[in-house]
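**Q** Protein chains in written order, with the numbering used here: chain A, 1 to 256; chain B, 257 to 712; chain C, 713 to 886.
From the three backbone atoms N, C-alpha and C, an ideal C-beta is built for every residue, glycine too.
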Amino acid sequence: MPAEALVPTSAEEAARLYGDGEGVVVFAGGTILLPEISAGRLKPERALMLHKSGLDGISTDGGTIRIGAMTPVSALVGGPSELISRFAENVGDGEVRRSATVGGNLCATAGVGAQRGDLGAPLIALGARVRSTGKGGERTEPVEDFLAGDRSGRLVLEVELDAPSGKWGAETLRRRHAHSYAIANVAVASNGGGLRIGVSGVGPTAVRARAAEQSRNPDDVLRDVEPVDDAVASAEYRRKMLPVLLRRALDQLETA
Amino acid sequence: MKAVGARLPRYDGLGHVTGRTQFVDDVRVGRTLWVKALRSPHHHAAITSMETSKAEKLKGVHAIVTCADVPKNVYGHLEALGVPADEPLLADGEVRYKGQPIAAVAAESEEAARAAVEAIEISFEEREPLFDIRKALDGEAPQIHQWGNVYPHYGPYNHRRVRKGDIEWAFENADAIVEGVYRPQAIEQMPMETQVALAVPEASGRLTIYSCTQAMYFSMGVVAAHLQVPLNKLKFIGGTVGGGFGGKVDTAADTVCALLALKSRRPVKWRWTREEEFLASSTRAPWHIEIADAVTNDGWILGRRMLTLHDSGAYSRFSPYGVTKHAFHHTGAYTIPNLRFDGFVVYTNRVPTTAMRGFGVTSVSFAVETHLTRVAHAIGMDPWQLRLKNANRIGDTSGNGVAMKDPSTVPVTLAAAERVGVELPAEFRQMTPEPRSGDLLPEHLREQQRLNGEDS
Amino acid sequence: MKLTVNGIEQEIFSPPLTPLLHVLRDELDVTSPKAGCQQGGCGTCTVLIDGEPRRSCLTAVAAVDGSEITTLEGLGEPEQLSPVQAAFHERYAAQCGFCTPGMVVAATALIERKGGPVERDEVLEALGGHYCRCTGYVKIVDAVMAASRGQTGAREDEPETGEEAPVMIPGSPA
Chain A
1 MPAEALVPTS AEEAARLYGD GEGVVVFAGG TILLPEISAG RLKPERALML HKSGLDGIST
61 DGGTIRIGAM TPVSALVGGP SELISRFAEN VGDGEVRRSA TVGGNLCATA GVGAQRGDLG
121 APLIALGARV RSTGKGGERT EPVEDFLAGD RSGRLVLEVE LDAPSGKWGA ETLRRRHAHS
181 YAIANVAVAS NGGGLRIGVS GVGPTAVRAR AAEQSRNPDD VLRDVEPVDD AVASAEYRRK
241 MLPVLLRRAL DQLETA
Chain B
257 MKAVGARLPR YDGLGHVTGR TQFVDDVRVG RTLWVKALRS PHHHAAITSM ETSKAEKLKG
317 VHAIVTCADV PKNVYGHLEA LGVPADEPLL ADGEVRYKGQ PIAAVAAESE EAARAAVEAI
377 EISFEEREPL FDIRKALDGE APQIHQWGNV YPHYGPYNHR RVRKGDIEWA FENADAIVEG
437 VYRPQAIEQM PMETQVALAV PEASGRLTIY SCTQAMYFSM GVVAAHLQVP LNKLKFIGGT
497 VGGGFGGKVD TAADTVCALL ALKSRRPVKW RWTREEEFLA SSTRAPWHIE IADAVTNDGW
557 ILGRRMLTLH DSGAYSRFSP YGVTKHAFHH TGAYTIPNLR FDGFVVYTNR VPTTAMRGFG
617 VTSVSFAVET HLTRVAHAIG MDPWQLRLKN ANRIGDTSGN GVAMKDPSTV PVTLAAAERV
677 GVELPAEFRQ MTPEPRSGDL LPEHLREQQR LNGEDS
Chain C
713 MKLTVNGIEQ EIFSPPLTPL LHVLRDELDV TSPKAGCQQG GCGTCTVLID GEPRRSCLTA
773 VAAVDGSEIT TLEGLGEPEQ LSPVQAAFHE RYAAQCGFCT PGMVVAATAL IERKGGPVER
833 DEVLEALGGH YCRCTGYVKI VDAVMAASRG QTGAREDEPE TGEEAPVMIP GSPA
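See below:
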């Protein structure tokens with residue numbers, strides 16, 4: 001058990017208690033951390049528990065959707081974005097989703113033999129931005145930049161995105177089981193003339209496939225994405241399937 | 257006949273659906289200590305030193321046991337049947353599989369027990385491990401077991417043999433020889449309830465042991481043997497098992513808890529984690545099975561040569577028995593008059609393997625049935641017809657010389673064909689299990705009634 | 713901290729990051745939620761937290777301070793079974809019984825949420841994260857459907873399962 005559990009009752013207090021993140025373990029929904037703690041593999045000295053921080057909830061402000069970091073993944077199923085919903089419903093099962101949070105999904109690292117962070121793909125495709133705090137203070141950045149950075153020093157406060165207005169496509173490859181992690185996720189969205197492609201489930205974080213966005217050639221997805229071997233699938237299989245999934249997702253855009 | 261055909265309530269159903277059923281982990285005894293084990297981090301290694309004194313001094317730690325605390329450390333599950341023992345309860349001087357228990361701690365909490373396990377000072381000298389049963393007999397293969405890499409105690413042989421008829425004649429007179437290799441893999445039984453035991457020392461000196469074992473009296477004998485106490489010193493409470501599927505026939509938790517309860521004079525409970533259940537508990541064995549069938553173009557199986565390697569893991573446990581069952585079933589549900597079967601129990605540095613739902617039989621049935629279909633395709637015959645033609649009939653003898661009295665192959669196969677809509681010619685539809693006659697009793701099957709050769 | 717467990721308010725003394733599962737089992741001696749995997753994978757520790765099914769092994773007790781918790785013990789007594797309990801009992805949906813606590817609790821929440829007969833695919837979705845290693849899924853699904861239709865007690869009314877071929881829980885080992 002940690003020496004100290006910090007339970008902030010507001011977003012401001014959470015940010016203050018987090019500080020630069022040194023020595024603080026952020027405890028959101030607990031679906032990843034609690035088994036590690038109770039099995040003795042993780043022994044945090046200070047745990048920042050966010051359940052009373054008020055960082056949960058989805059709001060629509062003009063054309064902007066704001067999703068608090070502590071919003072349970074279950075709230076995204078059937079939520080404001082159908083594209084996000086399509087990936088949210090693949091996270092665990094309904095009971096796990098009621099505990100798992102959006103912030104946790106964005107900060108999750110690869111598990112033992114499986115990749116996590118399914119939501120990265122649709123959030124990248126929709127051009128979502130992550131507002132976080134930590135060393136150097138608060139900042140807002142594109143989700144792909146947040147994922148590419150050192151997330152361990154950041155406390156996610158919320159995710160914001162423009163209300164989706166364009167067309168989208170979604171493809172997921174996974175075993176047909178509630179507890180099976182994704183083999184590969186591809187999300188595409190077009191807004192105006194632009195195309196954005198997000199890929200998750202094939203490596204430690206979700207990635208934006210910029211080359212394929214430019215060329216619209218599905219094979220180019222592998223220029224930005226380096227699939228890994230894990231217990232769920234081989235890198236080779238993922239490399240073979242990613243262009244197939246992207247082609248199907250792009251086809252959905254055409255026919256939408 | 258009040259019960260047959262009637263819907264009778266399960267005797268334990270009300271407890272199950274109301275949460276009142278008391279599984280071992282649900283039994284509450286005051287002052288119970290928790291157990292954690294030091295398990296081998298290596299597949300194969302010598303233990304060069306071990307020191308528990310620091311761990312013993314930690315807060316909340318009440319007892320630590322190692323091999324030195326076990327009155328009879330090496331005891332085999334089949335010792336009562338004359339099969340020698342090879343497995344220590346707690347590792348002594350060496351470890352032969354990753355996850356093998358070396359020492360166990362009883363402490364006030366799981367956390368304190370875990371801390372004590374981490375505080376045990378131990379050093380290893382790693383040795384080359386052996387994982388592939390096909391390489392175990394190579395001269396260069398690491399020797400991992402005191403008996404060599406193969407279990408040697410099948411009477412005068414180092415493997416289970418079946419010899420029936422004249423195998424040379426069968427292969428000389430065959431129209432085709434159909435070969436196949438089958439490798440069913442290890443499976444974790446994965447009961448929902450992980451292995452768990454609670455041992456309570458009574459004032460009288462007896463031990464009450466709550467066990468999740470599938471085999472109460474068996475487990476009782478094992479604990480009594482390791483502890484070298486008479487059975488009347490043990491009171492076993494069991495029968496409520498959260499799934500076993502074979503994985504709870506050789507529970508070690510009972511014995512470890514018994515030792516720690518005696519040493520700490522406190523009730524102790526050991527509940528394995530799911531990780532322990534997956535990584536260190538026994539599994540169904542992986543097998544390597546080679547079959548060669550001597551067949552005629554009209555669909556008779558004249559003879560079968562078969563070689564089986566059974567992956568026993570690091571120790572014997574029930575594997576010799578599993579291979580014997582495997583040998584009994586190596587002709588499947590079919591009559592084959594000429595046989596040569598050799599089945600080896602091979603040691604590797606994997607977790608010891610054990611029973612799982614049809615111990616030794618499911619693996620051989622998988623191989624035999626797959627092979628029969630392969631034979632049918634090789635000679636261009638319908639697989640259903642091939643099976644029916646060679647099906648066991650009354651009076652046929654099995655590989656080990658038992659005459660069939662009531663074989664069910666024919667009616668079961670016909671029923672299966674009907675259920676899946678396979679249409680068979682009238683001569684096959686009209687088959688029965690009755691003794692062979694006419695076209696179904698060719699000369700080579702008359703021969704099989706005269707059982708000759710050995711059967712060890 | 714405080715929890716109301718099966719209608720009884722309880723003071724909680726475990727540290728804040730203790731899994732609710734351990735609080736229930738070890739502090740309060742409420743033992744129907746089982747430690748099947750302690751990592752959210754098996755579903756036998758599922759309890760209702762303010763009416764919603766969640767894994768108690770994944771839930772830190774501090775995060776549900778003040779909540780109402782319902783476990784299998786709280787749904788009915790042996791003499792007075794809830795509809796789901798009765799259906800599980802009458803239709804042999806509990807074999808070894810170790811997964812039953814989570815199955816019944818999750819099924820009860822599903823029926824409550826739906827407020828009427830539940831269909832097979834809804835049961836599969838709701839119980840998709842629950843393992844039954846005795847592989848009694850068919851009987852479990854039938855029992856939940858029967859309970860949602862009030863088909864308990866008299867055994868004449870077989871569940872109207874709609875289709876003949878048994879459908880397993882997706883990807884189940886069955």
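Where do the ends of the alpha helix (DSSP H) carrying C:S852 lie?
**A** First, the residue type needs correcting, since residue 852 of chain C is Ile and not Ser in the sequence shown. It spans Y849 to S860 - the alpha helix (DSSP H) in which C:I852 sits, taken as one unbroken run.
**Q** In chain B, what lies closer than 7 Å to A:G40 by C-beta?
**A** Within chain B, the residues near A:G40 are E367 and R370.
**Q** Taking the alpha helix (DSSP H) that B:F501 belongs to, which residues open and close that run?
**A** Looking at the DSSP string, B:F501 is not in any alpha helix (DSSP H), and its letter there is neither H nor E.
**Q** Among C:S779, C:Q807 and C:E831, which has the Cα closest to the Cα of C:D847?
**A** In the sequence as displayed, the identity of residue 847 of chain C is Thr instead of Asp. Cα-wise, what sits closest to C:T847 is C:Q807.
**Q** Which residues of chain A have a Cβ atom closer than 8 Å to the Cβ of B:T529, listed in chain order?
**A** Correct list: A39.
**Q** Less than 8 Å between C-beta atoms, sequence neighbours within five positions excluded: which residues of the same chain meet that for B:E710?
**A** Only weak support is given to the placement of B:E710: the predicted model assigns it a pLDDT of 37, under 50, and the question is left unresolved by the model.
**Q** Apart from the five residues just before and just after B:A632, which ones in its own chain have a Cβ nearer than 6 Å to its Cβ?
**A** Here the set comprises P639 and L642.
**Q** Does any C-beta atom of chain C lie closer than 8 Å to the C-beta of B:F622?
**A** By this cut-off, B:F622 is not an interface position.
**Q** Taking just the CA atoms, how far does A:S190 sit from C:K826?
**A** Rounded to the nearest angstrom, the two C-alpha atoms are 36 Å apart.
**Q** With a threshold of 7 Å on Cβ separation, who are the neighbours of B:V602 within its own chain once the five nearest residues in sequence on each side are excluded?
**A** For B:V602, where only same-chain residues beyond five positions count, the Cβ hits under 7 Å are I389, A392, N405, V406, L565, H566, D567 and S568.
**Q** If you reduce the DSSP assignment to three classes, tell me which class B:A430 lands in.
**A** Coil at B:A430, not helix or strand.
**Q** Can you pull the chain B neighbours of C:A818, defined as C-beta to C-beta under 8 Å?
**A** Correct list: empty, because the minimum Cβ distance to chain B is about 14 Å.
**Q** How is B:F597 classed by DSSP in three states: helix, strand or coil?
**A** Note: B:F597 maps to strand in three-state DSSP.
**Q** Hey, does C:R767 have any beta-carbon neighbour from chain B nearer than 8 Å?
**A** By this cut-off, C:R767 is not an interface position.
**Q** Give me the chain C residues within the contact set of A:R98, using Cβ-Cβ distance strictly less than 7 Å, ordered along the chain.
**A** Near A:R98 (Cβ distances below 7 Å), the residues of chain C are E764 and R766.
**Q** Taking B:H272 as the query, report the chain C residues whose CB atoms sit under 7 Å from its CB, ordered along the chain.
**A** Under the 7 Å cutoff, chain C gives A806, G809 and T812.
**Q** Using a C-beta cutoff of 8 Å, does C:Q751 count as contacting chain A?
**A** So, interface residue.
**Q** Closest by CA to A:G92, which one among C:R803, C:M815 and C:E837?
**A** If we check each option's Cα against that of A:G92, C:E837 comes out closest.
**Q** If we cut at 8 Å on Cβ distances, does A:P35 have a partner in chain D?
**A** Checking the listed chains, one finds no chain D in this structure; the protein chains it contains are A, B and C.
**Q** Using only alpha-carbon positions, find the residue among A:S152, A:G193, A:L147 and A:Y181 that is nearest to A:S165.
**A** Comparing Cα-Cα distances from A:S165 to each of A:S152, A:G193, A:L147 and A:Y181, the minimum goes to A:G193.
**Q** Going along the chain, which residues of its own chain have a beta-carbon closer than 6 Å to the beta-carbon of B:Q319, five neighbours each way excluded?
**A** According to the sequence displayed, residue 319 of chain B carries Ala and not Gln. Answer for B:A319: A362, L516, K519 and S520, listed in chain order.
**Q** For B:V452, name the three-state secondary structure that DSSP assigns.
**A** Strand.
**Q** Quick test of your reading: B:S467 and B:D510, contact by CB under 8 Å. State the CB separation rounded to the nearest angstrom.
**A** Confirmed, about 5 Å.
**Q** Count the other CB atoms, across all protein chains shown, that sit within 10 Å of the CB of B:L670; report buried if there are 16 or more and exposed otherwise.
**A** Buried is the call here.
**Q** Closer than 6 Å by C-beta to C:C754: which residues in its own chain qualify, once you throw out the five before and the five after it? Chain order, please.
**A** Contacts found: G748 and Y843.
**Q** For A:W168, name the three-state secondary structure that DSSP assigns.
**A** It is a strand residue.
**Q** Report the option in A:E160, A:A235, A:K135 and A:A110 whose CA atom is closest to the CA atom of A:G68.
**A** Out of A:E160, A:A235, A:K135 and A:A110, A:E160 has the C-alpha closest to the C-alpha of A:G68.
**Q** Report the partner residues of B:A508 according to the DSSP bridge assignment.
**A** Answer by DSSP bridge pairing: none, since B:A508 is not bridged.
**Q** From A:I32 to A:L42, what distance separates their C-alpha atoms?
**A** Their Cα atoms are separated by approximately 11 Å.
**Q** May I ask you to list, following chain order, the residues of the segment 825-858 of chain C that have a beta carbon less than 9 Å from some beta carbon of chain A?
**A** Flagged, chain order: E837, A838, L839, G840, G841, H842 and Y843.
**Q** For the beta strand (DSSP E) holding B:H566, just list the boundary residues, first then last.
**A** Here the beta strand (DSSP E) through B:H566 covers I557 to G569.
**Q** Should C:T675 and C:K746 be called a contact, given that it needs their Cβ atoms to be closer than 8 Å?
**A** The structure shown does not extend to residue 675 of chain C, since chain C spans only 713 to 886, so no value can be given for it.
**Q** Counting only Cβ pairs nearer than 7 Å, list the residues of chain A close to C:T758.
**A** Going along chain A in sequence order, the residues near C:T758 (Cβ under 7 Å) are E95.
**Q** Could you tell me whether the Cβ of A:M70 comes closer than 8 Å to any Cβ of chain C?
**A** By this cut-off, A:M70 is not an interface position.
**Q** Whose C-beta lies closer than 8 Å to the C-beta of B:L270 among residues of the same chain, with five residues either side of it excluded?
**A** The residues are R276.
**Q** If the cut-off is 7 Å on Cβ atoms, which residues from the segment 765-797 of chain C count as contacting chain B, listed in chain order?
**A** Those residues of the segment 765-797 of chain C that come within reach of chain B (Cβ to Cβ, closer than 7 Å) are T783, L784, E785, G788, E789, P790, L793 and Q797.
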